[in-house]
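> Below: one structure in structure tokens.
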Amino acid sequence: MKKIKVIIVDDQKLMIDGLKTIIDLEEDIEVIATFSNGEEAVENSIKFNPDIILMDIRMPIKNGVQATKEIKNKAPEVKIIILTTFDDDEYILDALSYGADGYLLKDIEAEKLLQSIRDAHKGMMMIPSSIAIKLAKHINEKNKKTTKEIEIYEKLSKREIEIAELIIQGFDNNEIAATLFLTIGTVKNYISSIYSKIGVNDRTNAVLILKELLE
163 MKKIKVIIVD DQKLMIDGLK TIIDLEEDIE VIATFSNGEE AVENSIKFNP
213 DIILMDIRMP IKNGVQATKE IKNKAPEVKI IILTTFDDDE YILDALSYGA
263 DGYLLKDIEA EKLLQSIRDA HKGMMMIPSS IAIKLAKHIN EKNKKTTKEI
313 EIYEKLSKRE IEIAELIIQG FDNNEIAATL FLTIGTVKNY ISSIYSKIGV
363 NDRTNAVLIL KELLE
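Under this note's numbering, residues 163 to 377 are what the sequence shown spells out, in order.
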């Protein structure tokens, strides 16, 4: 029988030891490696070729959300189950949007944990309906934001985009004028137009929004 290969990532050794003990008692599942933070998991987990990664969310150096994103980018076929003691919606939603295959609370019963590993290996997702609804809403809101950003970007002229890029780099009006061979008055008019199109009235907020649009 080919065993399901599992990696555990958690900063609490007691948690790792407990999970490993439970899993290694099974004939069809085995723990092939453990790591104490997300950075170790990203650097080392792929070479072990795991089927499943049990990933804690809150860890030092690199949390489970970022680690999930990076591992999924390298090896999308690896199933990642988020483990948490917190019903922390924002972390969970981010992890799921980055490709996590489900999440479980750490106080789950041993049998349910083992069945969840087997289900994930078969391609099933472990997401409670309440979280699934929030995830759908979360993704929809992100898509709306992206659409709005595209609409704003398309309103900017080529010259306004050039000026916006210089604003992001910290150029003042005089420096922009000298760089683009424009008069100060012309630069001010362009900047006023940019502010109007992106819905701000000061340079600080303009920089924040323009970074989202142009970087």
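Every residue gets a Cβ at the ideal spot worked out from N, C-alpha and C, and that includes glycine. Just so we're clear, the structure is a prediction, and the values are computed from it rather than from any experiment.
Going by DSSP, name the residue or residues bridged to V193.
DSSP output for V193 lists V168 as bridge partner(s).
> In the DSSP assignment, what residue or residues form a beta bridge with K241?
Note: K241 sits in a beta bridge opposite I214.
> Does the segment 320 to 330 come close enough to the segment 351 to 359 to have 3 or more Cβ pairs within less than 8 angstroms?
Yes, the segment 320 to 330 touches the segment 351 to 359.
> Could you pull the start and end residues of the alpha helix (DSSP H) that N363 belongs to?
No alpha helix (DSSP H) contains N363, which DSSP labels as neither H nor E.
> Relative to the C-alpha of E201, which candidate in I219, D213 and D190 has its C-alpha closest?
It is I219 whose Cα lies nearest to the Cα of E201.
> Using 8 angstroms as the threshold, is the C-beta distance between I170 and K182 below it?
Going by C-beta atoms, I170 is nearer than 8 angstroms to K182.
> Measure the alpha-carbon distance for A340 versus I346 and round it to whole angstroms.
Their backbone Cα atoms lie some 9 angstroms apart in a straight line.
> Return helix, strand or coil for T348, following the three-state DSSP convention.
Helix.
> Should K236 and I208 be called a contact, given that it needs their Cβ atoms to be closer than 8 angstroms?
Cβ atoms of K236 and I208: closer than 8 angstroms.
> Can the beta-carbon of A368 be found less than 8 angstroms from the beta-carbon of I329?
Contact flag set, yes.
> Could you check if N363 is buried or exposed, using at least 16 other CB atoms within 10 Å of its CB as the buried criterion?
It counts as exposed.
> Would you list the residues sitting across from T247 in a DSSP beta bridge?
Bridge partners of T247: none, in fact.
> Buried or exposed: P222, going by 16 or more other Cβ atoms within 10 Å of its Cβ?
Classification for P222: exposed.
> Helix, strand or coil: which one does DSSP assign to M163?
Reduced to three states, the DSSP call for M163 is coil.
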